[in-house]
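In UniProt numbering, the protein residues as written are 1 to 119. From the three backbone atoms N, C-alpha and C, an ideal C-beta is built for every residue, glycine too.
Written out as structure tokens, the structure is:
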């Protein structure tokens with residue numbers, strides 16, 4: 001199950017899928033592979049999000065604008081609630097692989113958003 005996302009977002013996921021299929025000698029992708037690789041890629045994106053928020057905190061301190069950091073924390077909490085609900089919907093309506101694949105997609109997109117704030 002390959003959803004439509006940018007190639008750079010899929011690199012980590014696709015590498016995992018290809019490696020897992022090869023290592024397990026599977027004929028093709030299955031729900032277990034989708035779940036496992038989605039979780040692995042999401043963890044990487046989650047670490048990037050934490051690092052970016054730390055950079056935003058540092059920048060906010062340097063610029064003496066603590067409200068910037070507080071605003072990001074607020075939007076992060078709201079974003080997380082949105083992702084949890086939206087991906088629950090996707091899992092219910094599209095199928096169980098979306099419970100892990102959807103958050104991975106959303107986390108990858110969030111990394112891009114936060115990178116814009118830092119750069």
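- In chain order, 111 place their CB closer than 7 angstroms to the CB of residue 48, counting only its own chain and leaving out the 5 sequence neighbours on each side.
- 8 angstroms or more divides the Cβ of residue 45 from the Cβ of residue 90.
- If you look at residue 30, you'll find it isn't in any alpha helix (DSSP H); DSSP assigns it neither H nor E.
- The Cβ-Cβ distance between residue 38 and residue 93 does not fall below 8 angstroms.
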